[in-house]
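A short write-up of the structure that comes next.
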Amino acid sequence: MTTKNPKDEKPRTTLIKFDGVTKIYKGDFSALENINLEIQTGEFVSIVGKSGAGKSTLFKIIYAEETPTSGNILFEGESLDAFAKSKIFLHRRKIGTVFQDFKLLPNKTAFENVAYALEAAGVAKEEILENVPQALDVVGLGNKMEKFPHQLSAGEQQRVSFARALIQKPIVIVADEPTGNLDPISSWDIIRLMLKINEMGTTIILSSHDKYVVDKINKRVVILEDGKIIGDCPIGKYKLENTK
Amino acid sequence: MFTTISRTINEALKNFLRNGWLSLATSMILMLSLYTLSILFIIVMVSNVVIKNVQEKSNISIYFNQSVDEETILAIQQEIEKNPLVNSVRYIDKNSALDIFKKNNANEEAILKSIEEVGDNPLLASLVIKASDPTQYQAIYEFVNGADFSQEINRINYTKNKEIINKLNFLIGKIREIGLIASSILAVSSILITFNSIRITIYSRRKEMQIMRLVGASNLFIRLPYIFEGVLYGLSASILSTILLLITVRFISPYISESILSQSFMSFFLGKLWLIILFQLVAGCILGIASSMIAIRRYLKT
């Protein structure tokens, strides 16, 4: 599975492998059909497609919120079926998640929201006090640590959720429409942040239906339509004709 | 382990305080439940004391003819004591009877004078019988009446007490019956209301639980603070309910006759206060914890 990337010295290994994954929801609604997809460590992959194309379902299967109806998903070479339900949180600790609606805990400050992920993982207090301000500094919110989500702008809230995703030092960050609720300037901030995180070695899987965002990133693009992959281009744009 | 516990308590306290109004509303509903349960608890305690007091006051007295000597009476006392229905038999000789009579009529000079004028002690020796079970006085009466020594008896003072004793029996039965039905209905409905309101409180925060799962918190780590919040609801509800009970008792205490409890209702209540607080804490925490646990179970499936 190990392939050599011409651009950098690090060998790349397969991080996530979808092996004929199909997901059918109740009422025979088929969200994903026979998906075969491999994502390497350190990649930046944009999954694009219209609303309802199956992007979110694909993501939910990665962080084990949903299980495939048929087919298999391998994470670091291990099938997710092997995880007992009560141990699935151990898998989730390897993945940072970012959402369109931020999913911050409303009754916690920015600091506490980021710290929560570490507290849940049983990290010592001293380490939390040291790492959380650093993570918030990275996203540029070092001066707003004590603010509650409702006191922050949408762009700032999204940066808090990136800080929370980063703090666990995840192997991969899964970002489901992270710029969906943001103005163009905040969107651009988030894109730069993602590129920076990716440069530091973290794999990023982004979903978007925003042409502007995907074109700016200028990395691998996978196109989903009606639950099927209809295009996969190593350096792509959000345009069907460019990828076919 | 210690880290998890301290994080649980910290988390629960923060949630409780930051959701101030919701916490207060939930505690108030739990308080109403505890208040109702406590009042039932107090009624049961009061009725037990009243029953005990009245039982202690009721008895059958057998008065013997003047001619019967003390030896015979003591023999009869022994015979009656053998009866399993009888709890105790007390002998009151003529002189003690006179002392008691004088004491009871200490303010009636005319009566005391007339007694002195008679010179001889006109009162009769008696045996005072207490039953082990207050419903059995009729049977004891019949036993004494039909015994060999019945011709030595001048009179049996049962008819005088008969009415009180029968009323008492009726009352004991009714208190137990009504108390049981009323307390079960009230307890069940208040528990259901509390359960439901805590469930709604947690339902309103089901999204939080989903987020916690996504950032890799184990189910136990998510669940513990909510369970501890249930304890906090129980604690604050017990405090509120105790205050409400104190106000209630203070208000109704003057209307309850001291004779039935042999003390004022307020001092009776204060004497049992620790027991009542303990009862509320236990009931409150059980209700709070159970409702939280059942409610979160639904939102933590994966």
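Protein sequences, first through last, are from chains A and B.
When we follow the numbering used here, the leftmost residue of the first sequence carries the number 181, and every step to the right adds one.
When we follow the numbering used here, the leftmost residue of the second sequence carries the number 4, and every step to the right adds one.
Beta carbons: idealized from backbone N, C-alpha and C, even for Gly.
Please read these numbers as outputs of a predicted model, since none were measured by experiment.
Exposure label - residue i; buried when at least 16 CB within 10 Å
i: F5/B; result: exposed
i: S1/B; result: One cannot answer for residue 1/B here, as it falls past the ends of chain B, which runs 4 to 305.
i: F342/A; result: buried
i: F209/A; result: exposed
i: Y243/A; result: buried
i: G317/A; result: A quick correction: the sequence has Asp, not Gly, at residue 317/A. That one is exposed.
i: R21/B; result: exposed
i: R253/B; result: exposed
i: P248/A; result: buried
i: I3/B; result: No answer is possible for residue 3/B: the residues shown for chain B start at 4 and end at 305.
i: M380/A; result: exposed
i: R93/B; result: exposed
i: V121/B; result: exposed
i: N13/B; result: exposed
i: N293/A; result: buried
i: L362/A; result: buried
i: F282/A; result: buried
i: G229/A; result: buried
i: L278/B; result: exposed
i: P358/A; result: buried
i: E223/A; result: buried
Residue i versus residue j: straight-line alpha-carbon distance, rounded
i: N122/A; j: A286/B; result: Since the first residue shown for chain A is 181 and the last is 424, residue 122/A is missing from the structure and cannot be characterised.
i: A142/B; j: E119/B; result: 39 Å
i: L183/B; j: D356/A; result: 58 Å
i: N214/A; j: L254/A; result: 15 Å
i: G139/B; j: G23/B; result: Before going further, note that residue 139/B is Gln rather than Gly in the sequence given. Approximately 58 Å between the Cα atoms of the pair.
i: T237/A; j: K265/A; result: 19 Å
i: L101/B; j: S193/B; result: 57 Å
i: G360/A; j: R216/B; result: 23 Å
i: F104/B; j: E145/B; result: 28 Å
i: D412/A; j: E232/B; result: 50 Å
i: N110/B; j: K85/B; result: 40 Å
i: H330/A; j: G416/A; result: 37 Å
i: V47/B; j: L37/B; result: 15 Å
i: K324/A; j: E336/A; result: 9 Å
i: I32/B; j: I246/B; result: 15 Å
i: G200/A; j: K408/A; result: 11 Å
i: I196/A; j: D390/A; result: 24 Å
i: Q266/B; j: Q69/B; result: 40 Å
i: S30/B; j: S200/B; result: 10 Å
i: I8/B; j: R372/A; result: 40 Å
i: L290/B; j: N90/B; result: 43 Å
CB contact check: residue i to chain B, cutoff 8 Å
i: Y205/A; result: no
i: R339/A; result: no
i: G302/A; result: yes
i: N361/A; result: no
i: A297/A; result: yes
i: F342/A; result: no
i: Q348/A; result: yes
i: F321/A; result: Position check: residue 321/A holds Leu in this sequence, whereas Phe was assumed. Judged by the 8 Å Cβ criterion, L321/A is not in contact with chain B.
i: L404/A; result: no
i: K283/A; result: yes
i: Y392/A; result: no
Contact with chain A by residue i, beta-carbon distance below 8 Å
i: I8/B; result: no
i: L185/B; result: Reading off the sequence, residue 185/B comes out as Ala, not Leu. Cβ-Cβ to chain A under 8 Å: no for A185/B.
i: E211/B; result: yes
i: V218/B; result: yes
i: E48/B; result: For clarity, residue 48/B is Met in the given sequence; the question names Glu instead. No, no contact with chain A.
i: G23/B; result: no
Top-ranked residue by Cα proximity to residue i, from the options
i: A300/A; options: Y258/B, P228/B, L101/B, S260/B; result: P228/B
i: L243/B; options: I280/B, Y161/B, A78/B, S267/B; result: I280/B
i: E155/B; options: S265/B, F271/B, S9/B, I65/B; result: I65/B
i: A28/B; options: R202/B, E211/B, K210/B; result: R202/B
i: L306/B; options: G122/B, R208/B, T197/B; result: There is simply no residue 306/B to check, as chain B begins at 4 and stops at 305 in what is shown.
i: K240/A; options: T221/A, H271/A, K230/A; result: H271/A
i: I218/A; options: G234/A, G229/A, T193/A, K206/A; result: Checking the sequence, you will find Glu at residue 218/A rather than Ile. The residue with the shortest Cα to Cα distance from E218/A is T193/A.
Own chain residues within Cβ distance below 8 Å of residue i, not counting five before or after
i: V147/B; result: I63, I65, I83, I132, S153, I156, I159
i: I43/B; result: It is worth fixing the name first, because residue 43/B is Leu in this sequence and not Ile. Cβ within range, chain order: G182, A185, S186, L189, A190.
i: E73/B; result: D96, A128
i: T423/A; result: With a pLDDT of 42 at T423/A, under the threshold of 50, the modelled position of this residue cannot be trusted; read the value that follows with caution. Excluding residues within five positions, the ones whose Cβ falls inside 8 Å are V401, I403, G411, D412, C413, G416, K417.
Own chain, CB closer than 7 Å to residue i, minus 5 neighbours either side, in chain order
i: I230/B; result: I292, S295, M296
i: A471/A; result: Absent from the model: residue 471/A. The displayed extent of chain A is 181 to 424, so no value can be given.
i: A345/A; result: G276, T277, V278, I353
i: S231/A; result: H389
The ligand PLP heavy atom lying under 7 Å from the CB of residue i
i: A134/B; result: As far as ligands go, the structure on display features none, and thus does not contain the ligand PLP.
Contact set for residue i: own chain, Cβ-Cβ below 6 Å, skip 5 residues either direction
i: N124/B; result: K97, L101
i: K339/A; result: Checking the sequence shown, residue 339/A turns out to be Arg, not Lys. Counting only Cβ-Cβ distances below 6 Å, and skipping sequence neighbours, we find V319, L321.
- Query: What are the residues of the segment 265 to 291 of chain A that lie near chain E, defined by any Cβ-Cβ distance shorter than 9 Å?
  - Reply: Included in the structure are the protein chains A and B, with no chain E among them.
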